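Please read the structure below before turning to the comments.
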Amino acid sequence: MSAATVTLEVARYRPEREASPCFEAYEVPLRNDWTVLDALNHIKDTADGSLSFRWSCRMGVCGSCGMKVNGEPKLTCGTFLSDCLPGPIRVEPLDYFPVIRDLVVDITDFMKKLRKVKPWIIRKQEKPTSQGEYLQTPDQLDAYKPFSMCINCLLCYSACPIYGLEPSFIGPAALALAQRYNQDSRDEGSAERLGIVSEHDGIWQCTFVGECSKVCPKNVDPAGAIQQYKLTVAARWFRSLLLPKGAH
Amino acid sequence: MSEPVHYTPFHPRWHRKRVSVWWWLKKGSYALFVLRELTSVFVALLALLCLWQVRAVMQGPVAYVELLAWMRTPFFLGLNAVSLLFVLFHAVTWFNLAPKAMVVRVRGKRVPDWAVAGSNYLAWVVLSAAVAFLLMRA
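Protein chains in written order, with the numbering used here: chain A, 1 to 248; chain B, 249 to 386.
Here is the structure:
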């Protein structure tokens, strides 16, 4: 009896050969301990060495191997073949990013947006090292820890139709990371970030589809972060309206 | 994506897929989202209807009886039934989403999502019961 196999339909785009992407089918061994990424590596090793895709850690930490598996944005290193049966299993590049080759997308747009929201601790004045660390209570850590789990895999962008329709939208991960630093008790840059994220391309573009949080492999909840941000901005606006200048 | 792209010899042609106008039919959750957005039209409609009622009351008994006659027509009965379904859908979806937007902390600890959503439902039931009590008594 021959060993069980499953068919992978992989999106191929070789700009020197094809005008637009097409699918190629590959038969791979169906092993219980194989993820979609293992199957892609098997194809690259045995069937077509030119198949291009990004990957690195194989353990859901680096965020490189994000692709669409059967239409859903997934980390391929955490998606088992046995969970995608009966097959064929369709593997495509992430939506809304330009495809460079096969399953590799260009993420320059995200990198620019990430930088824009200043995802680092901003201090008005650093305290001298002689005064020791910036201490935090467990509650202060809890306030931002979920948002700090983001691995920039961009599954949330691929799940967000708003980003697809309005490419200028800063997007879920970058906004969640902005919120991560706003919630950090050591940070003093929330006012600086507020001006950036409350612009037209920021939080107000989000209409709370909520898919970003559903597909996040790290349970970051970017949709929640954006709604909390909206609440903060709205509260500030009301305060500025009701209270005399300088009191808010 | 928002800036012009400069191609290099190694990236001769990047592929950019257009978003279909039917994107919201591709997934059940996208369709539900669009439906949720659509509920706002019916919420606005019921608000207008309420204002119309207030106006009729201000104009006197004749105008109010006239309005009630309008309301009894099959068109308005149908419209109100559909509006009610959409407004219920609106309320339930937003109550379920409330914990995402509102982080309530008691003594430094975050109140669980079910408690935030539950308090909304509880307020809904209490207010509905109060309104029902007032109407029944009348």
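Note that beta-carbon positions come from the ideal geometry of N, C-alpha and C, so glycine has one too. As the structure is a prediction and not an experimental result, all values here were calculated from the model.
| Query | Result |
| --- | --- |
| Against chain B, with Cβ distances strictly below 9 Å, would Ala-223(A) count as a contact? | yes |
| Express the C-alpha separation of Glu-188(A) and Arg-261(B) in angstroms, rounding to a whole number. | 43 Å |
| Within 9 Å of any Cβ in chain A, is that where the Cβ of Arg-323(B) sits? | Here the sequence assigns Phe to residue 323(B), which means Arg is not the residue at that position. Not closer than 9 Å to any Cβ of chain A, the Cβ of Phe-323(B) fails to qualify, so no. |
| Relative to the C-alpha of Lys-230(A), which candidate in Ser-64(A), Arg-239(A), Pro-29(A) and Leu-194(A) has its C-alpha closest? | Leu-194(A) |
| If you run the structure through DSSP and keep just helix, strand and coil, what is Pro-29(A)? | strand |
| Hey, quick one: how far does the alpha helix (DSSP H) through Arg-115(A) stretch, first residue to last? | 108-116 |
| With a threshold of 8 Å, are at least 3 pairs of Cβ atoms found where one atom belongs to the segment 263-272 of chain B and the other to the segment 193-208 of chain A? | no |
| Helix, strand or coil: how does DSSP classify Ala-3(A) here? | coil |
| Just the Cα atoms here: how many angstroms apart are Met-249(B) and Leu-296(B)? | Because the pLDDT at Met-249(B) is just 49, under 50, the model does not fix this residue reliably, and the value given afterwards should be weighed accordingly. Rounded to whole angstroms, Met-249(B) to Leu-296(B) spans 42 Å at the Cα level. |
| Taking 9 Å as the threshold (C-beta atoms), are Phe-97(A) and Tyr-26(A) in contact? | no |
| Per DSSP, which residues does Met-67(A) bridge with? Please list them. | Lys-74(A) |
| Kindly indicate which three-state DSSP category Leu-394(B) falls into: helix, strand or coil? | The structure shown does not extend to residue 394(B), since chain B is modelled only from 249 to 386, so the question has no answer here. |
| DSSP puts Glu-326(A) in a beta bridge; with which residues? | Residue 326(A) lies beyond the range of chain A shown here (1 to 248); nothing can be said about it. |
| Exposed or buried, Arg-180(A), counting other C-beta atoms within 10 Å across all chains shown (16 or more means buried)? | buried |
| Note down, in chain order, every chain A residue with its Cβ under 9 Å from the Cβ of Met-350(B). | Gln-227, Gln-228 and Leu-231 |
| Name the chain B residues whose beta carbon is nearer than 7 Å to that of Leu-165(A)? | Val-267 |
| With a cut-off of 8 Å on the beta carbons, I'd call Leu-293(B) and Ala-304(B) a contact; round off their distance for me. | The Cβ separation is near 17 Å, so there is no contact. |
| Measuring alpha carbon to alpha carbon, tell me which of Thr-341(B), Asp-361(B) and His-338(B) ends up nearest Lys-348(B). | Asp-361(B) |
| Which class does His-200(A) belong to by DSSP, given the choice of helix, strand or coil? | coil |
| Please list the residues of the segment 180-214 of chain A that have a C-beta atom closer than 8 Å to any C-beta atom in chain B, keeping them in chain order. | Thr-207, Phe-208, Val-209, Gly-210, Glu-211, Ser-213 and Lys-214 |
| Suppose you measure from the CA of Ile-151(A) to the CA of Met-384(B); what does that come to, to the nearest Å? | 57 Å |
| In chain A, which residues lie less than 8 Å from Tyr-278(B) when you measure between Cβ atoms? | Pro-161, Val-209 and Glu-211 |
| Determine whether the Cβ of Thr-137(A) lies closer than 9 Å to any Cβ atom of chain B. | yes |
| Let's test the definition: count the other Cβ atoms within 10 Å of the Cβ of Ile-121(A) and tell me whether it reaches 16, buried, or not, exposed. | exposed |
| Does any C-beta atom of chain B lie closer than 9 Å to the C-beta of Tyr-13(A)? | yes |
| Could you check whether Cys-77(A) and Arg-58(A) sit closer than 9 Å to each other, using their CB atoms as the reference points? | yes |
| How is Phe-169(A) classed by DSSP in three states: helix, strand or coil? | coil |
| Within the chosen definition, does the segment 162-175 of chain A reach the segment 220-234 of chain A through at least 3 CB pairs nearer than 8 Å? | yes |
| Quick check: the segment 161-170 of chain A against the segment 205-213 of chain A, are there 3 or more CB pairs under 8 Å? | yes |
| What does Phe-281(B) reach in chain A if we use C-beta pairs closer than 9 Å? | Pro-161, Thr-207, Phe-208, Val-209, Gly-210 and Glu-211 |
| Please classify Thr-287(B): is it buried, with 16 or more other beta-carbons within 10 angstroms of its beta-carbon, or exposed? | buried |
| Identify, in the order they occur along the chain, each residue of the same chain with its Cβ nearer than 6 Å to the Cβ of Ala-311(B), setting aside the five sequence neighbours on each side. | Ala-304 |
| Kindly indicate which three-state DSSP category Thr-79(A) falls into: helix, strand or coil? | coil |
| Taking the beta strand (DSSP E) that Val-99(A) belongs to, which residues open and close that run? | 99-101 |
| Classify Ser-20(A) as buried or exposed, calling it buried when 16 or more other Cβ atoms lie within 10 Å of its own Cβ. | exposed |
| Look at the alpha carbon of Lys-118(A) and the alpha carbon of Val-233(A), and state the distance between them as a whole number of angstroms. | 18 Å |
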